[in-house]
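Residues 13 to 488 in the working numbering are what the sequence shown lists, from first letter to last. Even for Gly, the Cβ is constructed at its ideal location relative to N, Cα and C. Remember, it's a predicted structure, so these values are computed and weren't measured experimentally.
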Amino acid sequence: MEINLALSFDLGESLDSNLKYLKNRKVRFVTLYQNKYVESGLVIFQKKLKITAASILVGISISAGACVLPAQADTLDDELAAVKQKIAASQSTIDEHTSSLEKADLDVNAAQKDLDEARIKVAESLKRMEAAQSEADDAQAALQKAQHDFEESVAAVDSAKAEVEEQKKLVGEAARSELQQKSTLSGISIFFSSQNSSDLAKRAQWAKNVAGSTDKKLTEYENSLKKLEARQKEMEEAKGVAQSARDSAVASLVNTQSIAAEARQAADSFNEKLQVVKDSYDAASKLLAAAVSDNEELKARSQKLSAEISERDRKLAAEAEAARQRANRTAAQAVGDWVTTNIAPGQIPPVSVQQALANAQALNGNPGFEGLCLALVANMYGYSTSGTMSAQLAANDIQAAGQMHTGGDIPVGALVFYNGWPAGNPYGHVALYAGNGMVWSNGANGGVGLMPISTPTVAWGEPMIGWSSVWLPNAR
Numbered sequence: 013m014e015i016n017l018a019l020s021f022d023l024g025e026s027l028d029s030n031l032k033y034l035k036n037r038k039v040r041f042v043t044l045y046q047n048k049y050v051e052s053g054l055v056i057f058q059k060k061l062k063i064t065a066a067s068i069l070v071g072i073s074i075s076a077g078a079c080v081l082p083a084q085a086d087t088l089d090d091e092l093a094a095v096k097q098k099i100a101a102s103q104s105t106i107d108e109h110t111s112s113l114e115k116a117d118l119d120v121n122a123a124q125k126d127l128d129e130a131r132i133k134v135a136e137s138l139k140r141m142e143a144a145q146s147e148a149d150d151a152q153a154a155l156q157k158a159q160h161d162f163e164e165s166v167a168a169v170d171s172a173k174a175e176v177e178e179q180k181k182l183v184g185e186a187a188r189s190e191l192q193q194k195s196t197l198s199g200i201s202i203f204f205s206s207q208n209s210s211d212l213a214k215r216a217q218w219a220k221n222v223a224g225s226t227d228k229k230l231t232e233y234e235n236s237l238k239k240l241e242a243r244q245k246e247m248e249e250a251k252g253v254a255q256s257a258r259d260s261a262v263a264s265l266v267n268t269q270s271i272a273a274e275a276r277q278a279a280d281s282f283n284e285k286l287q288v289v290k291d292s293y294d295a296a297s298k299l300l301a302a303a304v305s306d307n308e309e310l311k312a313r314s315q316k317l318s319a320e321i322s323e324r325d326r327k328l329a330a331e332a333e334a335a336r337q338r339a340n341r342t343a344a345q346a347v348g349d350w351v352t353t354n355i356a357p358g359q360i361p362p363v364s365v366q367q368a369l370a371n372a373q374a375l376n377g378n379p380g381f382e383g384l385c386l387a388l389v390a391n392m393y394g395y396s397t398s399g400t401m402s403a404q405l406a407a408n409d410i411q412a413a414g415q416m417h418t419g420g421d422i423p424v425g426a427l428v429f430y431n432g433w434p435a436g437n438p439y440g441h442v443a444l445y446a447g448n449g450m451v452w453s454n455g456a457n458g459g460v461g462l463m464p465i466s467t468p469t470v471a472w473g474e475p476m477i478g479w480s481s482v483w484l485p486n487a488r
């Protein structure tokens with residue numbers, strides 16, 4: 013498919029102005045639009061020969077195939093946009109996982125703190141339990157000793173009671189015998205066994221001593237029994253105290269054991285909780301690491317795509333610049349063709365603008381054309397003579413033919429005419445426009461050379477009449 017657009021260009025305008033004109037007409041000449049470059053060629057296909065406005069009709073041929081870039085162009089941009097969206101989503105995921113990881117870290121620290129405190133309580137409870145165990149052991153030993161002492165005191169009391177009872181029994185039998193005989197034991201024995209009065213007296217004294225000794229011994233046994241009974245009572249009381257101390261120590265031990273068990277249970281619970289939050293931390297850390305890895309991969313892909321797009325755009329820009337330059341050359345050629353083809357009927361065609369410029373360059377510094385400006389430009393365009401006496405007369409002929417232009421944007425290669433009469437020069441002046449506000453002319457530092465287009469007007473006092481194509485009807 014080929015699209016042909018016919019647009020009117022004013023030769024009095026520069027190529028850049030004409031390009032702006034195309035853009036104003038909504039035609040993309042050489043530009044980048046949504047990553048698509050359009051390369052355009054300018055072809056002159058018609059001349060409009062009008063006296064009032066020198067213009068040409070330019071056709072722009074745009075090949076549909078040349079307008080479409082490889083699918084990669086749009087694909088790269090779309091892929092980069094998609095990757096950037098993924099990067100944004102990935103960053104959001106990273107933020108979420110980072111927040112989760114920070115929370116998990118706080119939970120781990122809190123759980124670790126709780127576990128440490130629980131372990132301290134376990135240690136303290138175990139220490140108290142050991143002390144209670146020691147107290148219970150000591151109380152048990154004291155109770156066993158008190159029990160042993162009590163049992164010994166009981167045995168001693170029982171033994172003393174037996175002795176007292178035995179003595180009482182002996183004394184009781186003697187007293188019973190005396191009672192039955194209605195005499196005292198000592199008196200009867202003494203009376204029947206005495207040999208004489210002296211012996212009787214001795215025996216009576218012995219009997220009295222024996223009776224006193226028995227009573228005394230019995231009294232001693234009874235006193236000892238009383239002491240042993242008192243000791244037994246003390247031992248029984250000591251046993252009770254030891255029993256109470258032992259019971260209290262055992263109760264304290266049981267309590268500390270319960271506290272230690274609770275502390276161990278709490279520590280185990282906190283340890284389990286710590287493991288749970290550590291698992292959560294590890295899971296959050298893995299998720300964050302995965303998200304960061306994905307994000308880095310996406311960023312690497314983004315950088316790669318950006319580099320590919322930059323390279324693609326660089327190539328396309330280079331292609332666009334090449335197209336622009338080709339278009340400039342084509343447009344310049346079109347303008348140049350107009351300069352050298354818009355000539356008088358029957359006129360011998362001049363050389364091309366490019367050749368004329370080359371000829372001018374070859375004549376640079378030549379002093380042989382002083383006062384021969386019209387002959388100089390004719391020579392540049394390959395003529396041996398202009399066929400006209402002066403630049404002033406040539407300008408008159410061109411004006412009469414309607415080929416003199418006064419537009420500001422002069423095409424390269426055009427003949428620029430100046431009116432010499434105000435300066436007292438009846439021959440006038442003509443120069444060849446070289447572009448960029450410069451002309452090839454004689455009188456440039458004593459010979460042929462480049463000078464600003466305004467020099468004849470400013471320095472010589474010869475105002476510019478206008479410019480034209482190589483309209484020299486009599487040139488040979």
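Excluding the 5 residues preceding and the 5 following T110 in the sequence, name in chain order all residues of the same chain whose CB lies nearer than 7 Å to its CB.
Locating residue 110 in the sequence shown gives position 98, where the first residue counts as 1. Correct list, in chain order: L300.
Is DSSP giving L484 helix, strand or coil here?
Stepping through the sequence shown from its first residue, residue 484 is reached at position 472. Under the three-state reduction of DSSP output, L484 falls in the coil class, being neither helix nor strand.
Quick check: what's the CA-CA separation for V451 versus T397?
Within the sequence shown, numbered from 1, the residue matching residue 451 stands at position 439. Within the sequence shown, numbered from 1, the residue matching residue 397 stands at position 385. Spanning the two alpha carbons is a distance of roughly 20 Å.
Can T418 and D409 be called in contact, C-beta distance under 8 Å?
In the sequence shown, residue 418 corresponds to position 406, counting from 1. In the sequence shown, residue 409 corresponds to position 397, counting from 1. Their beta carbons are not under 8 Å apart, which means T418 does not touch D409 by this criterion.
Taking V460 and L384 to be in contact with their CB atoms under 8 Å, please state how far apart those CB atoms are, rounded to whole angstroms.
Residue numbering aside, residue 460 sits at position 448 when the sequence shown is read from its first letter. Residue numbering aside, residue 384 sits at position 372 when the sequence shown is read from its first letter. No, V460 and L384 are not in contact; Cβ-Cβ is about 10 Å, not under 8 Å.
Does the beta-carbon of G440 have 16 or more other beta-carbons within 10 angstroms, so that it is buried, or is it exposed?
Locating residue 440 in the sequence shown gives position 428, counting from the first residue. Classification for G440: buried.
Let's see if you can read the secondary structure: which residues bound the alpha helix (DSSP H) around P464?
As a first step, residue 464 must be located in the sequence shown, where it is residue number 452. That residue, P464, is in no alpha helix (DSSP H); its beta strand (DSSP E) goes 459-464.
To the nearest angstrom, how far is it from the Cα of V166 to the Cα of V176?
Position 154 of the sequence shown holds residue 166. Position 164 of the sequence shown holds residue 176. In a straight line, the C-alpha of V166 is about 15 Å away from that of V176.
Assuming A143 and V289 are in contact, meaning their beta carbons sit under 8 Å apart, how far apart are those beta carbons, in whole angstroms?
If you number the sequence shown from 1, residue 143 lands on position 131. If you number the sequence shown from 1, residue 289 lands on position 277. With 8 Å as the limit, A143 and V289 do not qualify as a contact, their Cβ atoms being about 35 Å apart.
Go through its chain and collect everything with a Cβ distance to T469's Cβ below 8 Å, but skip five positions before and after it.
If you number the sequence shown from 1, residue 469 lands on position 457. Only Y430, P475, M476 meet the Cβ criterion.
To which residues does DSSP link Y439 through a beta bridge?
Against the sequence shown, residue 439 aligns to sequence position 427. In the DSSP output, where bridge partners are listed per residue, Y439 has none listed.
Would you check if the distance between the CB atom of W472 and the CB atom of V428 is smaller than 8 Å?
Within the sequence shown, the letter at position 460 stands for residue 472. Within the sequence shown, the letter at position 416 stands for residue 428. No, the pair does not count as a contact, with Cβ atoms beyond the cut-off.
Going by beta-carbon coordinates alone, are E91 and L317 separated by less than 8 Å?
Sequence index remark: in the sequence shown, residue 91 carries index 79 (1-based). Sequence index remark: in the sequence shown, residue 317 carries index 305 (1-based). Contact: yes.
Which value, in whole angstroms, describes the spacing of the CA atoms of L106 and F282?
Position 94 of the sequence shown holds residue 106. Position 270 of the sequence shown holds residue 282. Residue identity differs from the one stated: residue 106 is Ile in this sequence, not Leu. Taking the Cα positions, I106 is about 30 Å away from F282.
A135 versus D306: straight-line alpha-carbon distance, rounded
Indexing the sequence shown from 1 puts residue 135 at position 123. Indexing the sequence shown from 1 puts residue 306 at position 294. Going from the Cα of A135 to the Cα of D306 covers about 47 Å.
Is it the case that the segment 125-132 contacts the segment 229-244, given that we only count it when at least three CB pairs across the two stretches are under 8 Å?
The answer is no - the segment 125-132 does not touch the segment 229-244, with fewer than three Cβ pairs under 8 Å.
What did DSSP end up calling I63 once you bin it into helix, strand or coil?
Residue numbering aside, residue 63 sits at position 51 when the sequence shown is read from its first letter. Its pLDDT being 30, under 50, I63 is placed unreliably by the model, and nothing is read from it.
Tell me H417's beta-bridge partners as DSSP assigns them.
On the sequence shown, position 405 is the one that residue 417 refers to. Bridge partners of H417: W479.
Same chain, Cβ closer than 7 Å to L138, five either side skipped, listed in chain order:
For the purposes of this step, residue 138 is taken as residue 126 along the sequence shown, with counting starting at 1. Cβ within range, chain order: A272.
Check this for me: beta carbons of A296 and L118, under 8 Å apart or not?
Counted from its first residue, the sequence shown places residue 296 at position 284. Counted from its first residue, the sequence shown places residue 118 at position 106. Result no, Cβ atoms of A296 and L118 do not sit closer than 8 Å.
Spatial neighbours of I321 in its chain, beta-carbon cut-off 8 Å, leaving aside the 5 residues before and after
Working through the sequence shown from its first residue, we reach residue 321 at position 309. The residues are L88, D89, L92.
Residue environment, V169, which counts as buried when at least 16 other CB atoms sit within 10 Å:
Counted from its first residue, the sequence shown places residue 169 at position 157. Buried, since its Cβ has 16 or more Cβ neighbours within 10 Å.
Looking at the C-beta of D409, does it have a partner C-beta in chain D at a distance below 8 Å?
Any reference to chain D falls outside this structure, which holds one protein chain only.
Taking Cβ to Cβ, would you say V351 is nearer than 8 Å to A426?
By one-based count along the sequence shown, residue 351 stands at place 339. By one-based count along the sequence shown, residue 426 stands at place 414. Using a Cβ distance threshold of 8 Å, V351 and A426 count as a contacting pair.
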